[in-house]
Amino acid sequence: MDKIGLYLGCLIPTEQYAYEMALREVLPDLGIELVDVEGVACCGAPLRHINLSLTMYLSARNMAIFEKEGLDILAPCPYCHQALSEAKHVMENNPALKAKINSNLETEGLTYKGTIKHYHVLDLLHDVIGIDNIKEHVEEPLDANIAAHYGCHLIRPNDIPRPDDSENPQKLETLLKTIGAKSDYYKEKLDCCGAHIMVNESESALTKTGQKLQAVEEQGFDALTTLCPWGHRMFDAKQEDAAKVVGGSIDVPVLYYLQLLGIAMGKDQNTLGLTLNLSPTDKLSFIEEEI
Amino acid sequence: MSIIDLTSMAEPEGEQQDKINEILKTLKEDIPNDCYQCGKCTSGCEAFILLELEPHKVMALSKSGFIDELLNSDVIWTCVTCLKCKERCPQDLAPVDVIFALKNIAVASGKQIDTGISNMLQSVLGSGYIQQPKEVVDKDNKAVTRDSLGLPSLPAPKEIQKLQQVLMKAATETLG
Amino acid sequence: MVKIGVFICHCGTNIGGVVDIDELVEFSSRLDDVVFATDYKYMCSDPGARVIKEAIEEHELTRVVVTSCSPRMHEPTFQSVIEDAGLNRFCLEMANIREHCSWVHKDKKEEATQKAKELVAMAVRKSKTLEPLKSFQKEVVHDALVIGAGIAGIQASLDLAEAGKKVYLVEREPSIGGRMAQLDKTFPTLDCSSCILTPKMMDVARHPNIELLTYSEVTEVDGSVGDFDVKVKRKPAYVDWDKCNGCGECAQVCRMKGRVEDEFNEGLGKRSAIYVPFQQAVPLKYTIDPNKCLMLLSGRCGESPPCQDVCELGAIDYEQEEEMMELNVGSIIVATGYDMMDPNGMYEYGYDHSPDIITNLEFERLISSSGPTSGEIRRISDGEEVKSVSFILCVGSRDQDLQEYCCRIGCMSALKHAYLLRDHLGDEVDLNICYTDIRSFGKGYEEFYRRIRDGNTTLIRGRPSEINVEKDGSINFNVFDTMTQKLLQVNSDLVVLVPALVPRKDSGELSQILRISEGTDGFFLESHPKLKPADTATDGVFIAGCCQGPKDIPDAVAQASGAASKAMGIISREELESDPMIAWVDEDICVGCGVCIDVCPYSARELNEVTGIAEVDEILCTGCGGCIAACPSNACIHKNMTKQQILRMIDEVI
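Chains A, B and C supply the protein sequences, listed in that same order. So for the first sequence, our numbering puts the first residue at 1; every next one is plus one. So for the second sequence, our numbering puts the first residue at 1001; every next one is plus one. So for the third sequence, our numbering puts the first residue at 2001; every next one is plus one.
Rendered as structure tokens:
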């Protein structure tokens, strides 16, 4: 593969800029040309509370736009990725629903056929670009023990195709090893970040965030890495708030995996959005002091 | 109905039950009737300890038709959608999807919902996204934007009115 | 001249409630060559049979059409009825208007009646050309084969041997005993498993009618009921069992001593490369594990192999080779048992993350006085004292993604272990059982359950979502107790998972060899779930024990005795009547191409070198129809199921 359509969803291009910067910086070096596509909108997942039809329509709509362009999709947000996967899966198994959605898509001059694939950063790196290929690009292996956070929607539920195993995902650990880091097992690995109820139950949400960060800290990890803008926002930007809620201080550097990969590839750290990480990333030996 | 709940004088609601099952069947999910109440979902529920969400009870109430008490309760809005209940249910059921269905039914029947959630809907209808690109601060408390970071402008729906129209229409349709 | 009688059964309301019987009788009586048509509430009853017999006599019927249920159930019944009335039993044709009609179209009465008419018309049309056939007799071999020497296979073998029959008992492990030999005590009576099993094992060893073939596998089965040809592979033990006296000195000096995972102890202990699975093994003869023996793997074991040096009897024989043995038996009993589901199928239960999370079968070895710790219960990871043990039931059972069925022994096994643990460790140990529904259905089981409730065991009605292993190795899990409506955190030194019982991983191969079916769950399928629990789709092959489905010891033993008695019903006869509805070859057409010989699974087709015709061995042919479908020149014909007959039936409805 050389070209892939970039589908950022809502959170990445409206505030999680570091993720976008890192992927625009790193992926082309690994032979992936990212194509920005006009006309796309929200994946619909945040509206699933309100009305499932909206979610299904918006997911199908986005896929139809990429399909028209003849591009497979890179959806770096697990929440988007899962919404697209679910819509695709449901329409494959429910032709009546697919027809109904298509009749609505017609209003916007679109049709959904189901001919393109979509990827997340995890499977794009691990399965498409490949470990060996990544290894060749690593110039400065990272010496650190980094906790892996996949994001619930990236691996569950297993009845629709997900990029990794639902109970024992290992691809992120493999990717961490590829850049020289260590990634120990910790029992909280699959636990939730709390993001989903941040709008209406923020204290409980931050409790989840704080508890997972505390577990990471207590088990001696040097940092936490994420593949999800929602999880990243909680662990990174909301780390201080979370610490207040659970009591005590938390000091865990949180980085997107693509940022770590970029550092290991010897990229100019300015280009990876590292100044936007609000967690104490400067604790890490491989982060340059003055960016 | 042959059954009455003497604590609330409520009777099982077949119609509400049908609505839940209709949404589940759209998703090709099994309906709560197969639940044998092992409680595995609640044992692992990420929202239970903090917010008292009991997925197994949601399943039991949905199965027996006592649905109004769920629709009127805030508890269905506390699900963190970690999906562990769906992943691990030995009967392949999806409490999380039942909870989503209940929220949809509550919204459709005009129940008041959190403004944070309704704001997202308004924003999508207005711009296609749940929020507009924000000015954020970096480590040094300096404000940055997409522009200042050199990121391209956000792609947007070409005719937002059309999208709005279709969404309003889709919202009133049953999926079936 | 053909005179046909049509007999329409109401099957109570099963057919009568849907199909318009009067209309069907009227319709039938107008069909060509039908001289009599009538109906009756239950045609299979004695009065029903009388209706048929009287009609045959009164109307001098030459063919009989019974319109009722599936021939699977009642064809032999009606065949006997017409035979009693003097007709050839193969002059019967059945139309199945119950399963094919009233049951499946119960909401469409008119259409069902129409379909019933068509089915009757087809049957009548076919009946005109039915040929009277004659059964013939074939000689029966009086010996039996039992595959698998766990408790079910042992019981079946002993029953047959006691009845005076010669039994070949084939077991693939070096010793008989099976799963039961691994168990400590048995529920609900708490007899020591070995104490009740070992005498039976000794009986097998001593019985003059039983030829024990351990460390052997069945590889091929030919022939049919009454006369099976079986090939058995005898794996090399690399020890001359005629010389070996079981002294065990070889295992003591083996260089691999304490380095090979011990399967009998479920991996909790270590053995040597030369071994007996357990001390009460039958036969008590040593076997060399070819995958672990240095000599066999590399041709070298120090200066000279110590086992060979120490064996004064000269029993060690590295040159021993596999042997094939041919057996001829009249009946076969399959009792190959079960495997335990790999608990990693439920990764969230942490089986991979701690040695202190074990299965209940591993626990059997741990608590057994003959086990690796001599029955002392210690934490496996560090040998520390055990202060709390938790049992998790239904691991992979009653699960849509894993095993849909109930394992039928999990509840009782956990209750038994709780009892034994209290007995071993006293009042100080905390015992927790996480259950969904305690199923204590057997004789004395509910009473035993009450004893546990009386004791100090915490019964938690709920199921954990995941089991956590902390960095220090300690184990805990959360479980919501649906009784108290509380989320409980349970800290446990040992967690015992009770996984589903699953079919043997290679049971598919055996089912192919024996031509028996497997159910959707993968266990061997019985002929009828209630009335033929030990029979299979292949006549003369019977099943017993857990290879047919999970069961406890009493049920396995009962089924084994049932299977033995069914096998006796065959091998105690001198001759068997053979079904004449088999293949027949038209010698004018056959060109001797031999396609039929290749496809026949029963070796019933053979080329006559003189005539150049592929003949049918009427004894071996089972009428499976394989050769008929394969024959390129249409020379093979299935008696009373010819192409012409089938085409005429189709003609009738289009």
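Cβ atoms here follow ideal geometry from the backbone N, Cα and C, with glycine treated the same way.
{"query": "Partner residues on chain B for Gly2153 of chain C, Cβ-Cβ distance less than 9 Å", "result": "Chain B residues near Gly2153 of chain C: none, gap ~33 Å exceeds 9 Å."}
{"query": "Where Lys1158 of chain B meets chain A, residues with beta-carbon distance less than 9 Å", "result": "Glu38, Gly39, Glu108"}
{"query": "Three-state secondary structure assigned by DSSP to Cys1089 of chain B", "result": "coil"}
{"query": "Contact set between Arg156 of chain A and chain B, taken where Cβ atoms lie within less than 8 Å", "result": "Cys1082, Leu1083, Lys1084, Lys1086, Glu1087"}
{"query": "The segment 2472-2480 of chain C in contact with the segment 1029-1049 of chain B per 3-pair CB rule at 8 Å", "result": "yes"}
{"query": "Rounded straight-line distance, which links the Cα of Ile2650 of chain C to that of Ile2008 of chain C", "result": "21 Å"}
{"query": "Interface partners of Lys2471 of chain C on chain A, CB under 7 Å", "result": "Gln219"}
{"query": "Test: Lys267 of chain A CB closer than 9 Å to a CB of chain C", "result": "no"}
{"query": "Under 9 Å between C-beta atoms of Ser2331 of chain C and Val2495 of chain C", "result": "no"}
{"query": "Chain C residues whose Cβ lies nearer than 7 Å to that of Asn168 of chain A", "result": "Tyr2347"}
{"query": "is_contact[Lys1040 of chain B, chain C] using C-beta, thresh 9 Å", "result": "yes"}
{"query": "Interfacial residues, the segment 1005-1029 of chain B to chain C, with Cβ spacing under 7 Å", "result": "none"}
{"query": "Burial state of His2528 of chain C, where buried means 16 or more other Cβ atoms lie within 10 Å", "result": "exposed"}
{"query": "Cβ neighbours of Asp2356 of chain C in the same chain (closer than 7 Å, five flanking residues each side left out)", "result": "Arg2379, Ile2380, Ser2381, Ile2475, Asp2493, Leu2494, Val2495"}
{"query": "Interface positions of the segment 2380-2412 of chain C facing chain B (Cβ-Cβ less than 9 Å), listed along the chain", "result": "Cys2394, Gly2396, Ser2397, Arg2398, Asp2399, Gln2400, Asp2401, Leu2402"}
{"query": "Any alpha helix (DSSP H) of 4 or more consecutive residues that is wholly inside the segment 2513-2591 of chain C", "result": "2553-2571"}
{"query": "Contact list for Arg48 of chain A against chain B, beta-carbon separation under 7 Å", "result": "Phe1100"}
{"query": "Inter-stretch contact (C-beta, 8 Å, three-pair minimum) for the segment 1115-1130 of chain B and the segment 193-205 of chain A", "result": "yes"}
{"query": "Three-state class that DSSP yields for Pro2503 of chain C in the structure shown", "result": "strand"}
{"query": "One or two residues paired with Met2043 of chain C in a DSSP bridge", "result": "In DSSP, Met2043 of chain C forms no bridge with anything."}
{"query": "Selection from C:Gly2267, C:Glu2139, C:Val2653 that minimises the alpha carbon distance to Arg2573 of chain C", "result": "C:Glu2139"}
{"query": "As assigned by DSSP and simplified to three states, the class of Lys2109 of chain C", "result": "helix"}
{"query": "Whole-angstrom distance between Cys2069 of chain C and Glu2658 of chain C, CA atom to CA atom", "result": "Nothing can be reported for residue 2658 of chain C: it is not among the residues displayed for chain C, which extend from 2001 to 2654."}
{"query": "Inter-stretch contact (C-beta, 8 Å, three-pair minimum) for the segment 2356-2367 of chain C and the segment 2401-2421 of chain C", "result": "yes"}
{"query": "Beta-carbon proximity of Leu71 of chain A to Lys3 of chain A, cut-off 9 Å", "result": "yes"}
{"query": "Supposed contact pair Val2232 of chain C and Thr2219 of chain C - C-beta distance, whole angstroms, cut 8 Å", "result": "7 Å"}
{"query": "Validate contact between the segment 2619-2636 of chain C and the segment 2592-2603 of chain C using beta carbons, cut 8 Å, 3 pairs", "result": "yes"}
{"query": "Asn2468 of chain C at chain A interface by Cβ criterion, 9 Å", "result": "yes"}
{"query": "Residues bridged to Cys2192 of chain C (per DSSP)", "result": "C:Lys2185"}
{"query": "CB contact below 9 Å: Asp1092 of chain B versus chain C", "result": "yes"}
{"query": "Ile2082 of chain C, DSSP secondary structure in three states", "result": "helix"}
{"query": "Three CB pairs or more closer than 8 Å across the segment 2044-2055 of chain C and the segment 2013-2033 of chain C", "result": "no"}
{"query": "Rounded straight-line distance, which links the Cα of Leu213 of chain A to that of Ile2288 of chain C", "result": "53 Å"}
{"query": "Any C-beta of chain A under 9 Å from that of Pro1155 of chain B", "result": "yes"}
{"query": "Validate contact between the segment 1032-1047 of chain B and the segment 1088-1106 of chain B using beta carbons, cut 8 Å, 3 pairs", "result": "yes"}
{"query": "Member of C:Thr2336, C:Ala2144, C:Ala2281 whose CA lies at the smallest distance from the CA of Ala2205 of chain C", "result": "C:Ala2281"}
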